[in-house]
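Everything on this sheet refers to the single structure shown next.
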Amino acid sequence: MFEIWETSEPARLISDAGSLKVALEKVDTMCRLRHDQAAAHIGEARDGYHFEIRDAEGKALARLSYVPDTSRAYQSVVIEEMRGEGTGDRDD
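Heads up, the sequence shown is in the working numbering, so the first residue is 1377 and it goes up one at a time.
Structure representation (structure tokens):
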């Protein structure tokens, strides 16, 4: 079991997830939401947004700071390797 926290003040539990992959997708969804809110001029985040994925004991496993860039379309913060979709076979 994993917990997703937004650690910007005040810290709050956003959701939980049964796997790390689902937890990463939920963080990505939150970043997309924050990007859309910033583009619509809803709310204000001078320092950006801060997220943590925690294990069942509350230990932080991953941290992400996200500052929306509304000059371009949202780009996922989760890369293929984090999702476990990378092939691992690279020629470079």
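Every residue, glycine too, gets a C-beta built ideally from N, C-alpha and C.
- Where R1410 is concerned, there is no enclosing beta strand (DSSP E), although the alpha helix (DSSP H) around it starts and stops at L1396 to A1415.
- Spatial neighbours of K1402 in its own chain (CB-CB distance under 8 Å, excluding positions within 5 residues in sequence) are listed in chain order as I1380, I1390, S1391 and A1393.
- A straight line joining the alpha-carbon of K1397 with that of H1417 spans about 30 Å.
- Cβ atoms of D1404 and V1443 stay farther apart than 8 Å, at about 15 Å.
- Excluding the 5 residues flanking it on each side, M1406 has same chain C-beta neighbours closer than 8 Å at I1380, E1382, I1390, Y1425 and F1427, in chain order.
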